[in-house]
Amino acid sequence: MEKKALSWTEVRVGVVVIASLVILAVTILYIGSTGGSPWAPTYHVKALMSDVNGLKPGAPVRLGGVEVGTVTNVDFAPEGGGSMVEVSMRLDRRVKSRITTQSSVTLGALGLLGEKA
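Residues 943 to 1059 (the working numbering) make up the sequence shown, in order.
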């Protein structure tokens, strides 16, 4: 039995199919890791906290018990922040009017194992 050489058209189709599958996989992983649509309208806020024991990026942010966003970064506060930690969050735009400069942030356990939210 003779082996048939692949034509350029067949090679191009194969590359397009593989690239499409990779893009689909990355999109599914992104949506799964952020817990929502990458096209949903969001905005970013930062909060200074004195203790963030166990808080990690990807942790849910809740307002009145409703999940409204995720933690995107946990790092030391910029210079002049002392021992404070800066927590960056991505929140749904629908709650923007509910969060003011007078709002406060608290850290609580999400479950029995102590995951932070």
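Glycine included, every Cβ here is placed at the ideal spot set by N, Cα and C.
Next item on the list: Name the two residues that bound the continuous beta strand (DSSP E) containing Lys-988.
Entry: 984-991
Check: Taking one C-beta from the stretch 1024-1031 and one from the stretch 1006-1015 each time, how about it: are there three or more such pairs within less than 8 Å?
Finding: yes
Checklist line | Unbroken beta strand (DSSP E) run spanning Leu-1033, endpoints | finding: 1027-1034
Margin query: For the beta strand (DSSP E) containing Val-1008, name the first residue and the last one.
Written below: 1008-1018
Next item on the list: Output yes or no for whether 8 Å exceeds the beta carbon distance between Val-1037 and Met-991.
Entry: no
Next item on the list: With DSSP collapsed to three states, give me the class of Val-1003.
Entry: strand
Checklist line | Inter-residue spacing [alpha-carbon to alpha-carbon] between Pro-1020 and Ser-1039 | finding: 27 Å
Check: Is DSSP giving Ala-1051 helix, strand or coil here?
Finding: strand
Notebook entry, point to check: Taking the Cβ atom as the reference point for each residue, do Leu-997 and Leu-948 lie within a distance shorter than 8 Å?
Noted result: no
Item checked: Contact set for Pro-999: own chain, Cβ-Cβ below 7 Å, skip 5 residues either direction -> Val-1013, Thr-1014, Asn-1015, Val-1016
Checklist line | Three-state secondary structure (DSSP) of Val-1037 | finding: helix
Next item on the list: Please classify Val-968: is it buried, with 16 or more other beta-carbons within 10 angstroms of its beta-carbon, or exposed?
Entry: exposed
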